[in-house]
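The structure appears below as structure tokens.
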Amino acid sequence: MVTASETEHPDLFWAIRGGGGNFGIVTSFEFRLHPIDTVLGGVLYLPLTLDVIRGVIDHATQAPDELTTISMVMRIPPVPDLLQELHGQLSLMVMLVWVGDLDAGQRVLAPFRALAEPMADLIRPMPISEMYEMFAAAGEPVTNIARAFMADSLDDAAIDAMLVSMEKTRLPSSASTAVIQFRVFGGAMARVPVDATAFAHRAATLMVSIATLGFEQEALADQQAWVDSVFAAMRHVSTGAYLNFLESEGDARIHEAYPETTYRRLAEVKRRYDPENLFHLNQNIPPTRA
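Residues 935 to 1224 (our numbering) make up the sequence shown, in order.
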């Protein structure tokens, strides 16, 4: 049992912040927390067009640190707060949360609402805990198949690939859900020096995740084929991989998560703390050999 911090085992402290589960089992964390009460948050459902997608990315990239967004290209699920006639329609589902002055937040969100007439606007002041409850509903277990990548931008061809995949491609089962998600990075995480931790994408603008969620095991091969085809159509804008979103995709994709110097440094830390590669059932970085 060891403590990893800036002053104790600093090499291990560096490695576990971006190196995945390669170095051991973390039994406890210490966090520096910030008090948050009411936020301005919720979901904005916008028409799915190239201009709307590009506008959301542009506004989110330029927004102050207080705003976080996650956007999803998908068919509208049967959400109780939405009109039934919207269920199943294609939409850009933009989740937004503003942590700061509420009036200032409304001004920052106004350009998103102005991109097109919203199909539904569920943004309002709420306790921060209510934002987390959006992800808390339990149900029947599903199988998630996904591919993800980092990007500096999405060109028209990449956005067209998203639109075509959703408009013309049908998954083999009505019990399947297809989602293409993009998260705009930046803010405080982008101001951390690139060599301060093993996370290697401080300067990235976007992370894109292509996923299906399904209940029927016999449909998994077709779902995998759909995910792979969309990934192939968008891969030309990829600048690397994010380890936490990697499936079992092979060593080459693990290498895409790091610059070569970072990968070699991780392998050396692995040699010091896990020379026999006990912790290998992961996106594995083998130890260097003496």
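For glycine and all other residues, C-beta sits at the position ideal for the given N, C-alpha and C.
| Would you call the CB atoms of arginine 1200 and isoleucine 1188 closer than 8 Å? | The identity of residue 1200 in the sequence shown is leucine, whereas the question assumes arginine. Not in contact: leucine 1200 and isoleucine 1188 (Cβ atoms no closer than 8 Å).
| request: Please go through the same chain and pick out, in chain order, the residues whose beta-carbon is closer than 7 Å to the beta-carbon of glycine 1121, but skip the five residues on each side of it. | output: Result list for glycine 1121: Asp999, in chain order.
| said: Quick check on this structure: which residue in Arg1117, Ile1079 and Glu1074 has the alpha carbon closest to the alpha carbon of histidine 993? | reply: Of the residues Arg1117, Ile1079 and Glu1074, the one whose Cα lies closest to the Cα of histidine 993 is Arg1117.
| field | Start-end ranges of the beta strand (DSSP E) lying completely within the region 1138 to 1175, minimum 3 residues | value | Complete beta strand (DSSP E) runs here, min 3: 1140 to 1148 and 1172 to 1174.
| message | Between Glu942, Phe957, Val936 and Pro944, which has its C-alpha nearest arginine 1205's C-alpha? | response | It is Phe957.
| Which whole-angstrom value describes the C-beta separation of proline 1221 and proline 1209, a residue pair presumed to lie in contact below a C-beta threshold of 8 Å? | Contact annotation, proline 1221 with proline 1209: C-beta distance approximately 5 Å; criterion of less than 8 Å satisfied.
| request: Decide if serine 1063 is buried, meaning its Cβ has at least 16 other Cβ atoms within 10 Å, or exposed. | output: Exposed: under 16 other Cβ atoms inside 10 Å.
| query | Is glutamine 1018 helix, strand or coil by DSSP? | reply | In the structure shown, glutamine 1018 adopts helical secondary structure according to DSSP, grouped into three states.
| message | Pull the bridge partners of aspartate 1055 from the DSSP assignment, please. | response | DSSP, once it has assigned bridges, lists Leu978 as partnering aspartate 1055.
| Quick one: what does DSSP say isoleucine 1079 is sitting in, helix, strand or coil? | DSSP places isoleucine 1079 in strand when its eight states are reduced to three.
| Can you tell me whether leucine 982 is buried or exposed, with buried defined as 16 or more other CB within 10 angstroms of its CB? | Label assigned to leucine 982: buried.
| Between the CA atoms of leucine 1147 and proline 1106 - distance to the nearest angstrom | For proline 1106, the predicted model reports a pLDDT of 48, less than 50, meaning its position is unreliable; a value from the coordinates is still stated below. Separation of proline 1106 and leucine 1147 (C-alpha to C-alpha, rounded to the nearest whole angstrom) is 12 Å.
| query | By the 10 Å Cβ neighbour count, where 16 or more other Cβ atoms means buried, how is glutamate 1202 classified, buried or exposed? | reply | Exposed is the call here.
| query | For proline 1106, which three-state DSSP category applies? | reply | Residue placement at proline 1106 is poorly supported in this model, since its pLDDT is 48, which falls under 50; the coordinates are not used for a value here.
| task | Would you mind reading off the limits of the alpha helix (DSSP H) that contains leucine 1024? | result | No alpha helix (DSSP H) holds leucine 1024; the beta strand (DSSP E) holding it covers 1024 to 1032.
| field | Alpha-carbon spacing of glycine 1184 relative to leucine 974, whole angstroms | value | Glycine 1184 and leucine 974 have their C-alpha atoms some 41 Å from each other.
| field | Reference valine 1007; option with closest CA among Ile1114, Ala1191, Arg1125 and Glu1150 | value | Of Ile1114, Ala1191, Arg1125 and Glu1150, the smallest CA-CA separation from valine 1007 is found for Ile1114.
| What's the C-alpha gap between proline 1059 and alanine 1044? | Looking at the two C-alpha atoms, the distance is approximately 15 Å.
| Alpha carbon to alpha carbon, what distance is there between methionine 1096 and phenylalanine 1165? | Phenylalanine 1165 and methionine 1096: Cα-Cα distance of roughly 10 Å.
| Beta-bridge partners of methionine 1008, as assigned by DSSP | Paired residues: Ser1025.
| task | Tell me, please, which residues DSSP counts as bridged to proline 1061. | result | DSSP output for proline 1061 lists Thr972 as bridge partner(s).
| With distances taken between CB atoms, is the gap from valine 1033 to leucine 980 smaller than 8 Å? | Contact: no.
| task | Rounded to whole angstroms, what's the CA-CA distance from alanine 1091 to isoleucine 991? Just pull it up for me. | result | Computed Cα separation, rounded: 15 Å.
| field | Residue closest to valine 986, alpha-carbon to alpha-carbon, out of Ser1172, Ala1138 and Ile1093 | value | The shortest Cα separation from valine 986 among Ser1172, Ala1138 and Ile1093 belongs to Ile1093.
| query | Nearest-angstrom Cα distance between glycine 1025 and histidine 943? | reply | The amino acid at residue 1025 is misidentified as glycine; the sequence shows serine. Approximately 48 Å between the Cα atoms of the pair.
| query | On the three-state DSSP scale, how would you describe threonine 1003? | reply | If DSSP states are grouped into helix, strand and coil, threonine 1003 belongs with the strands.
| Over what stretch of residues does the alpha helix (DSSP H) that includes threonine 1196 continue unbroken? | Counting along the chain, the alpha helix (DSSP H) containing threonine 1196 begins and ends at 1194 to 1207.
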